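Peer 1: Using my numbering, the first residue of the sequence shown is number 6, and each one after it goes up by one. Quick reminder that beta carbons are idealized off the backbone N, C-alpha and C, glycines included. As the structure is a computational prediction, the values presented were derived from the model and not from experiment.
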Amino acid sequence: MASTSATTPSSSSSSSSCSNSKKGGRSEVEHKLGEFFMYQIAHDASPAYGGGFGAGNAAVNKYGLRRTLDHIRLTGNFPL
Numbered sequence: 006m007a008s009t010s011a012t013t014p015s016s017s018s019s020s021s022s023c024s025n026s027k028k029g030g031r032s033e034v035e036h037k038l039g040e041f042f043m044y045q046i047a048h049d050a051s052p053a054y055g056g057g058f059g060a061g062n063a064a065v066n067k068y069g070l071r072r073t074l075d076h077i078r079l080t081g082n083f084p085l
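(1) Buried or exposed for Thr80, please, with buried defined as at least 16 other CB atoms from any protein chain shown within 10 angstroms of its CB.
(2) In angstroms, rounded to a whole number, what distance separates the CA positions of Arg72 and Val65?
(3) If you draw a straight line from the alpha carbon of Gln45 to that of Ser32, how long is it in whole angstroms?
(4) Suppose you measure from the CA of Asp74 to the CA of Val34; what does that come to, to the nearest Å?
(5) Taking the alpha helix (DSSP H) that Gly39 falls in, what are its first and last residues?
(6) Is it the case that the Cβ atoms of Ala50 and Phe58 are separated by a distance below 8 Å?
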């Protein structure tokens, strides 16, 4: 019985944290993890991540997301 009662609290606490993120709110850990990944990709020296992200980010900042995506769909390249 001791193992059953020890399992129950952890199960209920993990399900409650999952339900919070499903409702649209992110935990502090999820927010910090997202910031970390964004930083890593933005500062990556590889052409696929560093260069590609930089070009895409610059295009979105200059032209907006919709116009950038339309241009990519038509030409296969980021707008200059």
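Peer 2: Judging by the given coordinates:
(1) Along the sequence shown, read from residue 1 onward, the residue named residue 80 stands at position 75. With fewer than 16 Cβ atoms within 10 Å of its Cβ, Thr80 is classed as exposed.
(2) Mapped onto the sequence shown, residue 72 falls at position 67. Mapped onto the sequence shown, residue 65 falls at position 60. Approximately 8 Å, taken between the alpha carbons.
(3) For the purposes of this step, residue 45 is taken as the residue at position 40 of the sequence shown. For the purposes of this step, residue 32 is taken as the residue at position 27 of the sequence shown. Straight-line spacing of the CA atoms in Gln45 and Ser32 works out to 20 Å.
(4) As a working note, residue 74 is residue 69 in the sequence shown. As a working note, residue 34 is residue 29 in the sequence shown. Asp is not the amino acid found at residue 74; the sequence shown has Leu there. Between the alpha carbons of Leu74 and Val34 lies a gap of roughly 31 Å.
(5) As a position in the sequence shown, residue 39 is number 34, starting the count at 1. Glu33 to Ala47 is the extent of the alpha helix (DSSP H) around Gly39.
(6) In the sequence shown, residue 50 corresponds to position 45, counting from 1. In the sequence shown, residue 58 corresponds to position 53, counting from 1. Taking 8 Å as the Cβ cut-off, Ala50 and Phe58 do not qualify as a contacting pair.
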